[in-house]
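Chains A and B, in that order, are what the protein sequence lines are. The numbers in my numbering rise by one with no breaks, and the one at position 34 of the first sequence is 34. Counting from 1 along the second sequence, just add 204 to a position and that's the residue number in my numbering.
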Amino acid sequence: MSEKELVRQAQAGDFAAFSQLVDTYKSRVYGLALRMTGNEQDAQDIVQETLIKAIDNIESFRGESLFGTWLYAIALNQSRAFVSKQKQASLKSIEEYLPAKSAEHMHDAEAPVTLFDWKDPHQLLEQRELRQIIDEAIASLPEKYRVAFLLRYHEELSIKEVAKVIGETVASAKSRVLRARLALRDRLSRIFEDRYGKELQGLR
Amino acid sequence: MGKSCKDYVSELNDFIDGELDPELCREIEKHIGKCENCRIMVDTMRQTVELCREGARESLPPALEARLSGLLKAHWDRKFGSKKD
């Protein structure tokens, strides 16, 4: 049965249709909430509240987006209460994530700053430690960037769907996803460079 | 003097995710062939997302799953009545 048909039946009061709709998304909403809050109990509460709100408001879903998009938007509203306000800071501008102070002079001999090449970090770090580094790096992103990044690459939404969930223009969603990715890359790069450096010292 | 790395950076997500128009895509590929910084940038940006995706699928904790099934049905019935079952 198509999603549209399930929505129509759920709106007419069919619980089985509603269950089938949310089954596809509830573990994903949990994963998103877990990365938003970093806390399992909070994530569970968010899933529960999201699904209750979805029941309360099922008639107001007009099918202009995917059902999942609508559900994620509810989940994000719910998770706002759990996310600390101090993480609302902004990130650097896109150009500032390039190497050297002035990006225009990257090819000049005076500015021979080369990016650090990670190669494959799995060679250096155990899976569990790597996972922890990644989770901490994601958690360190300011909320609005973290949300955009997770929706795009964890929930695999298109940029258009991301924009709908966060209530921003496509251009703004794009910019947040890019800055989040650049900031994460930057942070991981620093951590890996430090680790590779220690590894090399140990070899001496 | 052609474009600099700065001109490409805002397109890198679309480039890596395969969503850039083919002409600009070829232009960036050509640039990456000559520019070590951009090659590393693209490679590490790609890895950033791959690393975040690894092991990223959670399943619902069984306790929550158990709690939800009763709770949601009860909430549903309060709203719609149990006429449809």
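Just so it is clear, CB atoms sit at the ideal spot from N, CA and C, and this is done for glycine as well.
Item	Value
Measure from the alpha carbon of Q263(A) to the alpha carbon of each residue in G237(B), L255(B) and I232(B), then state which is nearest.	In the structure as shown, chain A begins at 1 and stops at 204. Residue 263(A) is therefore absent and cannot be evaluated.
Would you tell me roughly how many angstroms separate the C-alpha atoms of G285(B) and V147(A), rounded to the nearest one?	36 Å
Any residues in the region 41-68 of chain A with a beta carbon nearer than 8 Å to a beta carbon of chain B? Which ones, in chain order?	Q44, V47, Q48, L51, I52, I55 and D56
Between the Cα of M245(B) and the Cα atoms of L76(A), F61(A), I94(A) and T24(A), which residue gives the shortest distance?	I94(A)
Residues in the same chain with beta-carbon distance under 7 Å from L182(A), minus the five sequence neighbours each way, listed in chain order, please.	I94 and Y97
Whose C-beta lies closer than 8 Å to the C-beta of K4(A) among residues of the same chain, with five residues either side of it excluded?	G63
I want to see whether chain A comes within less than 8 Å of C256(B), judged by CB atoms only; does it?	yes
If you measure between the beta carbons of T69(A) and E240(B), is that distance less than 8 Å?	no
Thinking C-beta only, is E161(A) closer than 8 Å to L66(A)?	yes
If we count the other Cβ atoms within 10 Å of its Cβ and call it buried at 16 or more, is N57(A) buried or exposed?	exposed
For chain A, check one thing: does any of its Cβ atoms lie closer than 8 Å to the Cβ of E233(B)?	no
Against R195(A), what residues of chain B qualify as contacts under a CB-to-CB distance less than 9 Å, listed in chain order?	Chain B residues near R195(A): none, gap ~14 Å exceeds 9 Å.
Less than 8 Å between the beta carbons of F18(A) and W280(B), yes or no?	yes
Quick one: is E126(A) near chain B, going by C-beta distance under 8 Å?	no
Taking beta-carbon pairs under 7 Å, can you tell me which members of the region 142-164 of chain A lie near chain B?	Y153 and H154
Say whether chain B places a C-beta atom closer than 8 Å to the C-beta of Y30(A).	yes
When the cut-off is 8 Å and only beta carbons count, does P265(B) lie next to chain A?	yes
Is S184(A) helix, strand or coil by DSSP?	Note on identity: in this sequence residue 184(A) is Leu, with Ser being the wrong assignment. Reduced to three states, the DSSP call for L184(A) is helix.
What are the start and end residues of the alpha helix (DSSP H) that includes F67(A)?	F67 to R80
Listing by chain order, which chain B residues have their CB less than 7 Å from the CB of R185(A)?	T248, M249 and T252
Under the assumption that Y30(A) contacts A43(A) (Cβ atoms under 8 Å), give the Cβ distance between them as a whole number of angstroms.	6 Å
Can you have a look at S269(A) and say buried or exposed, based on whether 16 or more other CB atoms are within 10 angstroms of its CB?	Lying outside 1 to 204, the shown extent of chain A, residue 269(A) is not represented and no answer is given.
Could you pull out every residue in the same chain whose Cβ sits closer than 7 Å to the Cβ of L275(B), ignoring the five residues on either side in sequence?	none
Applying a beta-carbon distance threshold of less than 7 Å, which residues of chain A neighbour I244(B)?	L115 and D117
Along chain A, in chain order, which residues have C-beta atoms closer than 7 Å to that of L272(B)?	Q48 and L51
Taking the C-alpha atoms as reference points, what is the distance between L184(A) and G13(A)?	44 Å
Here's the rule: buried if 16 or more other CB atoms are within 10 angstroms of the residue's CB, otherwise exposed. What is E279(A)?	Nothing about residue 279(A) can be read from this structure; chain A reaches only from 1 to 204.
How about V7(A) and L51(A): are their beta carbons less than 8 Å apart?	no
Could you name the residues of chain B that V170(A) contacts, counting a contact when the two beta carbons are closer than 7 Å?	Here the premise fails: no neighbours, minimum Cβ distance about 12 Å.
Starting from Q44(A), trace the alpha helix (DSSP H) in both directions and tell me its first and last residue.	E40 to D56
Indicate whether at least one CB of chain A lies closer than 8 Å to the CB of E240(B).	yes
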